[in-house]
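>
Numbering (our numbering), first residue to last: 60 to 133.
1) Going by the beta-carbon positions, is the gap between residue 38 and residue 92 smaller than 8 Å?
2) Pick out whichever of 120, 90, 130 has its Cα sitting closest to the Cα of residue 103.
3) What distance in whole Å lies between the Cβ atoms of residue 107 and residue 97, which are believed to be in contact at a cut-off of 8 Å?
4) Quick one: using the 10 Å Cβ neighbour count with 16 as the cut-off for buried, is residue 116 buried or exposed?
5) Measure the C-alpha to C-alpha separation of residue 75 and residue 81 and round it to an integer number of angstroms.
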């Protein structure tokens with residue numbers, strides 16, 4: 060089945076590395092990561108569908124609220 064979609068996923072600062080890297084990250088870092096991911100999604104497609112679990116789910120909802128005029132789904 061051809062979906063005609065692009066896929067981009069991001070890893071939040073401090074994740075997927077060492078425990079100390081995660082300890083050096085904070086919510087502001089993750090908000091910046093989320094905005095950067097949204098901007099990339101907007102460059103590679105006409106509409107962005109946000110999907111996240113755990114903290115990523117919270118960030119997806121935050122993006123949908125903050126960028127209400129953007130063509131995106133959360």
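Quick reminder that beta carbons are idealized off the backbone N, C-alpha and C, glycines included.
With the given structure in hand:
1) Limits of the chain in this structure are 60 at one end and 133 at the other, which puts residue 38 out of reach.
2) As a first step, residue 103 is located in the chain shown; it is residue number 44 there, counting from the start. Among 120, 90, 130, the Cα nearest to that of residue 103 belongs to 130.
3) Residue 97 sits at position 38 when you count from the first residue of the chain shown. Residue 107 sits at position 48 when you count from the first residue of the chain shown. Confirmed, about 6 Å.
4) Indexing the chain shown from 1 puts residue 116 at position 57. So residue 116 ends up on the exposed side.
5) Your numbering for residue 75 matches position 16 in the chain shown. Your numbering for residue 81 matches position 22 in the chain shown. Each residue's Cα considered, the two are about 9 Å apart.
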